[in-house]
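In UniProt numbering, the protein residues as written are 1 to 232.
Each residue gets a CB set at the ideal place from its N, CA and C atoms; glycine is no exception.
Notes for the one structure printed next.
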């Protein structure tokens, strides 16, 4: 059985996120590539169980400014063609949508979601979401729903928070992989976001983190179990 998961990263952050931890505990061989650092993305093979495209600071439409994005789009296309499960998170979500022909970028309103925000499941999300969920967010870009995709969740700020394309490709605008430790790093790194429209105060973020993070973690672990078919 396929046992390798390739994570595509857009930064040099520590590999202490929930997805990496769960995958390793489940027996998967987690391999990391950073195309923005020049790492190559080979063709998918029979040992590739899935790929996760993580978030990052790059505008998904700026392929001339960031040529490595073309390599990532080629990778996404190869995985989709091969039927490899693909999960895109934040920038990764927008990249999948953009690759499928949808618009992605900032809205004129530029409402920042930085903190913990509720998302509301759609009727089509049954089996993935059983109830509204408060999730970690750090974005002000968004995307249109690609043709043929199914919207799974949204909220008052952004109607597209999660989608499924086919049976094995998912895009999450939010960050269920980020632990409290990771989010506290962001609070320091992204301090310029405070005071912008939509951004929660640090005190409110801390309060909501304490209240909702455990439920988010439980949901994400359950999603990964279904996404990858359980431990290897």
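Notebook entry, point to check: Which first and last residues belong to the alpha helix (DSSP H) in which residue 213 is found?
Noted result: By 1-based counting over the chain shown, the position of residue 213 is 213. Following the DSSP letters along the chain, one finds residue 213 inside the alpha helix (DSSP H) bounded by residues 202-228.
Margin query: Among the candidates 10, 6 and 212, whose CA atom is the shortest distance from the CA of residue 31?
Written below: If you number the chain shown from 1, residue 31 lands on position 31. Between residue 31 and the set 10, 6 and 212, the nearest pair of CA atoms involves 6.
Next item on the list: Take residue 250 as the anchor and find which of 47, 91 and 27 has the nearest alpha-carbon.
Entry: Given that the chain is displayed from residue 1 to residue 232, the structure contains no residue 250 and the question cannot be resolved.
Note to self: Am I right that residue 177 and residue 18 are in contact with their C-beta atoms under 8 Å? What's the rounded C-beta distance?
What the structure shows: Along the chain shown, one-based indexing puts residue 177 at 177. Along the chain shown, one-based indexing puts residue 18 at 18. That belief holds up - the Cβ atoms of residue 177 and residue 18 are roughly 5 Å apart, short of 8 Å.
Item checked: Alpha carbon of residue 9 to alpha carbon of residue 38, nearest angstrom -> Position 9 of the chain shown, counted from the start, is the residue given in the question as residue 9. Position 38 of the chain shown, counted from the start, is the residue given in the question as residue 38. Cα to Cα, the separation comes out at about 11 Å.
Item checked: Three-state secondary structure assigned by DSSP to residue 141 -> On the chain shown, position 141 is the one that residue 141 refers to. Reduced to three states, the DSSP call for residue 141 is strand.
Notebook entry, point to check: How many whole angstroms separate the CB atoms of residue 141 and residue 104, which I take to be in contact at a CB cut-off of 8 Å?
Noted result: Here residue 141 refers to the residue found at position 141 when the chain shown is read from its first residue. Here residue 104 refers to the residue found at position 104 when the chain shown is read from its first residue. For residue 141 against residue 104, the beta-carbon gap comes to about 7 Å, under 8 Å, which counts as contact.
Next item on the list: Evaluate contact between the region 79-94 and the region 170-184, counting only Cβ atoms and requiring at least three cross-stretch pairs below 8 Å.
Entry: Yes: at least three Cβ pairs fall under 8 Å.
Next item on the list: Measure the C-alpha to C-alpha separation of residue 193 and residue 201 and round it to an integer number of angstroms.
Entry: Walking along the chain shown from the start, residue 193 turns up at place 193. Walking along the chain shown from the start, residue 201 turns up at place 201. Residue 201 has its alpha-carbon roughly 10 Å from the corresponding atom of residue 193.
Next item on the list: Rank 1, 198 and 4 by C-alpha distance to the C-alpha of residue 109 and give the top, closest one.
Entry: The residue you call residue 109 lines up with position 109 of the chain shown. Residue 198 holds the alpha-carbon nearest to the alpha-carbon of residue 109 among 1, 198 and 4.
Next item on the list: Out of 46, 102 and 67, state which residue places its alpha-carbon closest to the alpha-carbon of residue 149.
Entry: Taking the first residue of the chain shown as 1, we reach residue 149 at position 149. Checked all of 46, 102 and 67; the closest Cα to residue 149 is 102.
Note to self: Could you compute how far the alpha carbon of residue 217 sits from the alpha carbon of residue 57?
What the structure shows: Translated into the one-based positions of the chain shown, residue 217 becomes position 217. Translated into the one-based positions of the chain shown, residue 57 becomes position 57. For residue 217 and residue 57, the distance between alpha carbons rounds to 24 Å.
Notebook entry, point to check: Of all the options 45, 122 and 41, which has the alpha carbon lying nearest to the alpha carbon of residue 73?
Noted result: Residue numbering aside, residue 73 sits at position 73 when the chain shown is read from its first letter. Checking every option, the nearest Cα to that of residue 73 belongs to 41.
Notebook entry, point to check: Looking only at its own chain, which residues have a Cβ that is under 6 Å from the Cβ of residue 115, when we skip the five neighbours before and after it?
Noted result: Residue mapping note: residue 115 aligns to position 115 of the chain shown, counting from 1. Same-chain partners within the cutoff: 200 and 205.
Check: Can you list, in chain order, the residues of its chain whose CB lies under 7 Å from that of residue 47, leaving out five sequence neighbours each side?
Finding: Taking the chain shown and counting its residues from 1, the one referred to as residue 47 is at position 47. Counting only Cβ-Cβ distances below 7 Å, and skipping sequence neighbours, we find 2, 3 and 4.
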